[in-house]
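Visitor:
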Amino acid sequence: MRGGVSIVTDLPRSDNRLLRLNVGFLLKEGPGYSREFDFDQDGTFIVEDVVISRLRGVLRLTRTRQGIVIQGTLRTQIATECVRCLIPIALPCDIELSELFVYPATPAASPAPNPYFVDDGGFIDLQPIIREEGILAVPIQTLCSPDCKGLCSQCGQNFNEGTCDCAEEDIEPRLASLRALLEED
Ligand SMILES: [Zn+2]
Ligand SMILES: [Zn+2]
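At position 128 of the sequence shown (counting the first as 1) the number is 137 in our numbering, and the numbers step up by one without a gap.
Structure representation (structure tokens):
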């Protein structure tokens, strides 16, 4: 989280076709053959509920008997919001991938069907795994800055931008309920 956090102002259109890799050429080679894919994309990718922008890094794709193994780290930014002031932010994150994408004809090796696969056309769709790993990469408590002042609980004023008149009367809800308990006696 330290630094590098930027404020999201608008969302350009999603360019998800860049997340589909044509691995047909790998399928023509023998097991053990591998090749690197360079990612250097400035676009925005909207995968269901996850919005990521900028994708940089190198993925190594290796052909095995069961499928294609993808390994590497993608540096990206994931849209989230500050838990205190609720402002949208683009959080720099590393998405680490290390996954087998099985061939269509491979019988499931594990009891649960593998969600990651090479499709009949020889493509691998990275969207499901990027969504999954992207969600894991975002911490639960994200702040726009370590000293974010948050919002006024009464009028919603963003204290990072200014003050409001109700600040003096502001009683934390937890303190209010505690006082109510004490006053019961
Ligand atoms: Zn904030
Ligand atoms: Zn206020």
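All C-beta atoms, glycine included, are put in the ideal place defined by N, C-alpha and C.
Predicted, not measured: the structure shown is a model, and the values here were computed from it.
SER62: which of LEU36, THR82 and ASP51 sits nearest, CA to CA?
Guide: With distances taken between Cα atoms, SER62 lies closest to ASP51.
Visitor: Thinking CYS94 and GLY159 are a contact (beta carbons under 8 Å), I'd like their distance in whole angstroms, please.
Guide: With 8 Å as the limit, CYS94 and GLY159 qualify as a contact, their Cβ atoms being about 5 Å apart.
Visitor: Go ahead and pull the three-state DSSP assignment for CYS102.
Guide: The answer is strand: DSSP assigns CYS102 an E or B state.
Visitor: Residues in the same chain with beta-carbon distance under 7 Å from SER23, minus the five sequence neighbours each way, listed in chain order, please.
Guide: Taken in chain order, the residues that qualify are THR53, PHE54 and ILE55.
Visitor: Have a look at the DSSP bridge pairing and note the partners of THR82.
Guide: In DSSP, THR82 forms a bridge with VAL67 and GLU105.
Visitor: Quick test of the definition: if touching needs 3 or more C-beta pairs under 8 Å, does the segment 128 to 136 touch the segment 144 to 154?
Guide: In short, these stretches do not touch, since the Cβ pair count stays below three.
Visitor: Which residues does DSSP pair with GLN50 in a beta bridge?
Guide: DSSP output for GLN50 lists LEU64 as bridge partner(s).
Visitor: Starting from PHE34 and walking both ways along the alpha helix (DSSP H), at which residues does that stretch end?
Guide: Run containing PHE34: 33 to 36, per the alpha helix (DSSP H) assignment.
Visitor: Since ILE9 is in the beta strand (DSSP E), which residue starts that stretch and which ends it?
Guide: Since the first and last residues shown for the chain are 10 and 194, residue 9 lies out of range.
Visitor: What is the rounded straight-line gap between the Cα of ASP174 and the Cα of ILE96?
Guide: Answer to the nearest angstrom: the Cα atoms are 22 Å apart.
Visitor: Is the separation between the beta-carbon of SER107 and that of THR71 shorter than 7 Å?
Guide: For SER107 and THR71, no; Cβs fall outside 7 Å.
Visitor: Taking all protein chains shown into account, do 16 or more other C-beta atoms lie within 10 angstroms of the C-beta of ARG140, making it buried, or fewer, making it exposed?
Guide: Buried: at least 16 other Cβ atoms inside 10 Å.
Visitor: Please go through the same chain and pick out, in chain order, the residues whose beta-carbon is closer than 6 Å to the beta-carbon of VAL67, but skip the five residues on each side of it.
Guide: Hits under 6 Å: GLU45, ASP47 and GLY81.
Visitor: Here's the rule I'm using: 16 or more other beta-carbon atoms within 10 Å means buried, otherwise exposed. How should CYS153 be labelled?
Guide: With 16 or more other Cβ atoms within 10 Å, it is buried.
Visitor: Report the rounded CA-to-CA distance for PRO137 versus LEU83, giving the unit in angstroms.
Guide: The straight-line gap from Cα to Cα measures roughly 15 Å.
Visitor: Helix or strand or just coil, what does DSSP make of GLU57?
Guide: Coil at GLU57, not helix or strand.
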